[in-house]
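Chemist:
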Amino acid sequence: MTQAKVKILSKQVVKKMDKKSEISKSAKDAIVSKKNVKLAGKKSPSKVKAQVEEEIMLQPPRGMRDLLPGDQPYWSQLRRVLARISLEYGFGRIDTPTVEYSNLFIRSIGKGTDIVDKEMYAFTTKGGDRVALRPELTAGLGRAYIQHGMNVLSKPVKLFSTGPVYRYDRPQEGRYREHFQANFDAFGEQDPILDAQLIQLAHRVVTSIGIKNIQFQVNSIGCPKCRKEYQNLLVAYFDSKKQKLCLNCKKRLETNPLRILDCKEDKCIQVSALAPQSVDHLCIECRVHFKSLLEYLDELDLPYIINPSLVRGLSYYTKTVFEIWSGDEEGKKHSLGGGGRYDHLIEQIGGEHTPAIGFGLGMDRLVQEMKRVHAKMYIEPKPRVFLAQLGDMAKKKSLNVFAELQKNGILTAESFGRGSLKSQLRVADRLGVEITLIIGQKEALDETVIVKDMVSGTQETVNHERLIIAVKKILKSNVVVSHCEE
RNA sequence: GCGGGUAUCGUCUAACGGUUAAGACAUCGGUUUGUGGUACCGAGAAUUAGGGUUCGAUUCCCUGUACUCGCCCCA
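Count the first sequence with the numbering used here and you get residues 380 to 865, in order.
1) Taking the Cβ atom as the reference point for each residue, do residue 487 and residue 725 lie within a distance shorter than 7 angstroms?
2) Could you pull the start and end residues of the alpha helix (DSSP H) that residue 521 belongs to?
3) Where DSSP assigns a beta bridge to residue 682, which residues make up the other side?
4) Quick check on DSSP: helix, strand or coil for residue 484?
5) To the nearest angstrom, how far is it from the Cα of residue 460 to the Cα of residue 632?
6) Taking contact to mean at least 3 C-beta pairs separated by less than 8 angstroms, is the segment 514–533 in contact with the segment 549–563?
7) To the nearest whole angstrom, what separates the beta carbons of residue 717 and residue 703, a pair I think is in contact under 8 angstroms?
8) With H, G and I counted as helix, E and B as strand and the rest as coil, what does DSSP make of residue 363?
9) Sort 605, 638, 720 by Cα distance to residue 666 and report the nearest one.
10) Check whether the segment 755–770 and the segment 782–793 are in contact - that is, three or more C-beta pairs closer than 8 angstroms.
11) Inspect the CB distances between the segment 542–551 and the segment 497–508 and report whether three or more fall short of 8 angstroms.
12) From residue 807 to residue 801, what distance separates their C-alpha atoms?
13) Grab me the residues of residue 616's own chain with a C-beta within less than 7 angstroms of its C-beta, minus the 5 sequence neighbours each way, in chain order.
14) Just to confirm before moving on: does the CB-CB distance between residue 699 and residue 574 stay below 7 angstroms?
15) Distance, Cα to Cα, residue 578 vs residue 510?
16) Any contact between the segment 748–759 and the segment 587–596? By contact I mean 3 or more CB pairs, one from each, below 8 angstroms.
17) In this structure, how does DSSP classify residue 690 when only helix, strand and coil are distinguished?
18) So, using beta-carbon positions, are residue 803 and residue 767 closer together than 7 angstroms?
19) Give the straight-line distance between the Cα atoms of residue 844 and residue 809, rounded to the nearest whole angstrom.
20) First and last residue of the beta strand (DSSP E) that includes residue 559?
21) If you drop the 5 nearest sequence neighbours on each side, which residues of the same chain put their C-beta closer than 8 angstroms to that of residue 832?
22) For residue 683 versus residue 719, is the C-beta spacing smaller than 7 angstroms?
Given below as structure tokens:
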């Protein structure tokens with residue numbers, strides 16, 4: 380942002396604030412309440428906070444949240460696992476923009492889906508482009524695949540990506556308007572062994588972060604050819620039972636009849652139970668594909684069930700679809716991710732025919748599960764040395780001493796803003812460091828440092844040049860703390 | 001988008017319609033000027049916002065907001 384812009388902006392803010400405070404002042408005067416008497420002479424910070432909150436919003440927009448330092452060990456652990464496994468399975472990392480043209484999503488995910496019709500963060504830019512915050516990762520990956528001519532690479536082209544995705548949904552536990560997904564996609568291979576391999580990969584990720592009690596649900600929704608025939612059958616069936624369906628499903632009969640199978644209304648479940656199932660109406664090719672996938676899965680010994688009503692909300696899927704669920708002690712199920720084959724997506728958005736398969740994992744939900752099962756997590760290395768300073772001259776020296784320690788690989792904590800040695804030692808003690816280095820007026824003049832062993836309480840004064848060696852010597856004699864807790 | 005529940009210091013919890021809105025934990029400072037723990041002392045810190053009922057509202061009613069649960073949908 381240019382300086383001029385900043386100036387204009389801050390002017391506007393000031394103006395706005397003046398206006399607001401005027402309003403609130405007059406409103407308060409009008410009331411002449413006892414509360415004001417109470418407030419007289421005492422500036423209530425809460426009122427100030429409320430006012431600021433109103434003006435600049437001390438909260439992110441709905442459905443957005445902060446991932447605080449306390450959460451980060453879980454996220455680090457998850458990212459490490461993802462990075463390792465993507466490498467093992469030969470997936471190359473790719474990052475695509477958060478914003479794409481709206482049409483990309485409309486063409487790929489499909490009109491009539493909730494994601495596109497109701498949940499997209501779509502807007503028009505100043506330049507008049509119709510764009511949207513990505514509601515999922517696959518569309519952007521497909522676009523990048525075509526744009527960069529990845530079809531010339533040796534197949535399958537395996538891509539791994541993580542990042543935020545956006546859906547204008549009603550927030551709930553484990554559901555946010557901005558959430559993070561990890562996506563694995565393989566382009567250019569139609570063999571069902573890929574389907575099985577991706578499910579295996581998903582299983583490895585989920586179990587590697589310590590989540591147990593996983594179940595895969597798989598289904599085949601066929602190719603455009605057999606699905607069309609099946610869909611006709613289904614529509615005919617539901618049409619005959621139309622009066623027994625819920626209002627929503629009556630509409631779905633026109634727009635997206637497959638989704639009726641997914642409806643949670645009792646009466647619809649009853650009707651769906653007797654409906655023709657997609658697995659019974661697959662064409663030969665799709666049936667063979669599904670059958671061999673199941674054979675691979677049996678071979679892998681993965682916990683899976685066939686769920687004939689599994690449909691998924693994105694219309695680009697063909698043949699294989701699957702979801703990953705975890706269950707807790709109370710029998711509640713949590714959806715962790717899902718995916719499937721999308722053999723026609725690439726040509727739908729302008730590429731050559733490219734069979735492909737992929738899946739997404741909800742990282743927020745994985746973290747949630749990690750917390751629930753108390754999964755082991757990555758422990759950041761803790762500083763084992765504290766640097767304390769006393770007096771102006773020492774304070775000036777301390778920055779350089781600090782930098783020197785870090786350069787030598789000695790992770791050091793400090794609290795330079797504090798004045799008294801007492802309060803600094805208190806911090807050092809709380810941090811549980813093994814050594815505290817003290818520089819006072821005298822030491823600053825003599826070019827020395829006091830090295831205090833926090834365990835024994837003994838201390839010695841050493842010359843500047845010998846500082847690093849002396850510190851390392853004490854650290855080495857102490858028991859080395861493991862960085863990763865098992 | 002629809003329905004239910006909840007809302008007090010940073011966190012967790014108190015307060016028959018009348019209290020200076022209390023406590024614990026956490027934070028910061030101090031207990032003689034250059035040494036940690038404990039203890040002790042002190043400080044800052046809240047009624048989600050706006051209306052209404054009432055002599056008087058944290059408490060009762062309405063509206064907004066946020067969170068939360070279920071639905072819808074999804075990861």
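The beta-carbon is built from N, C-alpha and C at its ideal position, and this holds for glycine as well.
Modeler: According to the data block:
1) The answer is no: Cβ separation not under 7 angstroms.
2) Residue 521 -> alpha helix (DSSP H) spans 517–526.
3) DSSP lists no bridge partner for residue 682.
4) Note: residue 484 maps to helix in three-state DSSP.
5) C-alpha separation (whole angstroms): 43 angstroms.
6) At 8 angstroms Cβ cutoff, the stretches touch.
7) Indeed they touch by this definition, with Cβ atoms about 6 angstroms apart.
8) Residue 363 cannot be examined here, being either before or after the span of the chain that is shown, 380 to 865.
9) Taking the Cα of residue 666 as reference, the smallest distance to any Cα among 605, 638, 720 is reached at 605.
10) Taking a cut-off of 8 angstroms on C-beta distances, the segment 755–770 touches the segment 782–793, as three or more cross pairs fall below it.
11) With contact defined as three or more Cβ pairs closer than 8 angstroms, the segment 542–551 and the segment 497–508 are in contact.
12) Each residue's Cα considered, the two are about 10 angstroms apart.
13) So the list reads 654, 655, once near-sequence residues are dropped.
14) Here residue 699 is near residue 574, since their CB atoms are less than 7 angstroms apart.
15) The alpha-carbon atoms of residue 578 and residue 510 are separated by roughly 32 angstroms.
16) Contact between the segment 748–759 and the segment 587–596 is present, because at least three Cβ pairs lie under 8 angstroms.
17) Looking at residue 690 - three-state DSSP - the assignment turns out to be coil, as it is neither helix nor strand.
18) A contact, by the Cβ cut-off of 7 angstroms.
19) Their Cα atoms are separated by approximately 29 angstroms.
20) Taken as a continuous stretch (DSSP letters only), the beta strand (DSSP E) holding residue 559 covers 557–566.
21) Same-chain partners within the cutoff: 813, 814, 838, 853.
22) Their beta carbons are not under 7 angstroms apart, which means residue 683 does not touch residue 719 by this criterion.
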